[in-house]
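In this note's numbering, the protein residues as written are 12 to 300.
For each residue, glycine too, the CB sits at the ideal point set by N, CA and C.
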């Protein structure tokens, strides 16, 4: 089966949409580190580094990655060129079409603490047959193609849910321990997650972890995919999103609470990562009534 190097079905406003890419050379994800959709990521070939919330995962061909909505994440290059992957995005409203028990089943793998699942050879054959069938429908768009596409994206979720239920706990699968440098980067990310309301700078973090500024900055970028300032900003924005949705606090107060030095800085960083101003975000996603 010959597929195009890039296939897209739908868009971010739909109940679900899909992206497939076969990339040559080296590539680092540059946008959309936080989004509301639930994300199912599968790597057909190559290898990637996947940073999710505050942990880095090495991803190999045959790995399935499940990320809940609004979870901070980013893929980056491992130094090995060429990879092919598919990402299925599910809007929260997608699950409303199912009965209560079915919806709970399909959502269950996203709600566990585990993010990465390594498929066996037989599981890979079965899952890839499903995905390649989906991609063929997207590419050729024969008459009635919407129906098998709808079925395939639901079946992909069901496969993930059943696999997650039947999988061993992560520790039992012998997941490789991170290198000392990667462990240090994750420790720094965890510290930022717990102290983002405080003034955080490269200098202050270097003193906190007894590392030179150049080593800390280089190591953090290498093992998370994020620049240090970028990660601090996104962590603060993520908390601000919750407050904008769930409270009626003034935007200036939220900006100060999550650690921004000024309203203008908050608005600039927020719009960079969310693509909406804080006010527009509240109007679109905040509590109604």
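Query: Please confirm whether residue 117 and residue 109 have their CB atoms less than 8 Å apart.; Result: yes
Query: Can you tell me where the beta strand (DSSP E) with residue 56 in it begins and where it stops?; Result: 49–56
Query: Straight-line CA distance for residue 279 to residue 251?; Result: 13 Å
Query: Quick check on residue 284: does DSSP put it in helix, strand or coil?; Result: helix
Query: Rounding to the nearest angstrom, what Cα-Cα distance links residue 69 and residue 159 in this structure?; Result: 32 Å
Query: Run through the segment 106–186 for me and flag every whole alpha helix (DSSP H) of 4 or more residues, listed as ranges in chain order.; Result: 111–122, 132–151, 157–177
Query: Excluding the five sequence neighbours on either side, which residues of its own chain have a C-beta within less than 8 Å of the C-beta of residue 67, listed in chain order?; Result: 60, 61, 189, 193, 196, 197, 234, 235
Query: May I ask you to list the residues that DSSP assigns as paired with residue 87?; Result: 60
Query: According to DSSP, simplified to helix, strand and coil, what is residue 261?; Result: coil
Query: Using the three-state DSSP reduction, which class does residue 46 fall into: helix, strand or coil?; Result: coil
Query: Work out the CA separation of residue 176 and residue 121 for me, nearest whole Å.; Result: 11 Å
Query: Could you pull the start and end residues of the alpha helix (DSSP H) that residue 214 belongs to?; Result: 213–220
Query: Could you please give me the residues that DSSP links to residue 33 through a beta bridge?; Result: 95
Query: Compare the C-alpha of residue 45 against each of 28, 253, 84, 282 and name the closest.; Result: 84
Query: Of all the options 229, 248, 15, 13, which has the alpha carbon lying nearest to the alpha carbon of residue 286?; Result: 248
Query: Using the C-alpha atoms, what's the distance from residue 82 back to residue 215?; Result: 26 Å
Query: Going by the beta-carbon positions, is the gap between residue 33 and residue 22 smaller than 8 Å?; Result: no
Query: In chain order, what are the residue ranges of uninterrupted alpha helix (DSSP H) at least 4 long that sit wholly in the segment 188–212?; Result: 191–206
Query: In this structure, how does DSSP classify residue 267 when only helix, strand and coil are distinguished?; Result: helix
Query: Grouping DSSP H, G and I as helix and E and B as strand, with all else coil, what is residue 15?; Result: coil
Query: From residue 237 to residue 155, what does the alpha carbon distance come to, in whole angstroms?; Result: 42 Å
Query: From residue 20 to residue 222, what distance separates their C-alpha atoms?; Result: 46 Å
Query: In this structure, how does DSSP classify residue 71 when only helix, strand and coil are distinguished?; Result: strand
Query: Is residue 97 closer than 8 Å to residue 29 when the C-beta atoms are compared?; Result: yes
Query: Which term fits residue 4, buried or exposed, when burial requires 16 or more other beta carbons within 10 angstroms of its beta carbon?; Result: Because the chain spans 12 through 300 in this model, residue 4 falls outside it and cannot be assessed.
Query: Cutting at 7 Å between CB atoms, please list the residues of its own chain near residue 293, excluding the five before and the five after it.; Result: 255
Query: At the level of alpha carbons, what is the spacing between residue 168 and residue 142?; Result: 11 Å
Query: Give the range of the alpha helix (DSSP H) segment to which residue 231 is assigned.; Result: 224–235
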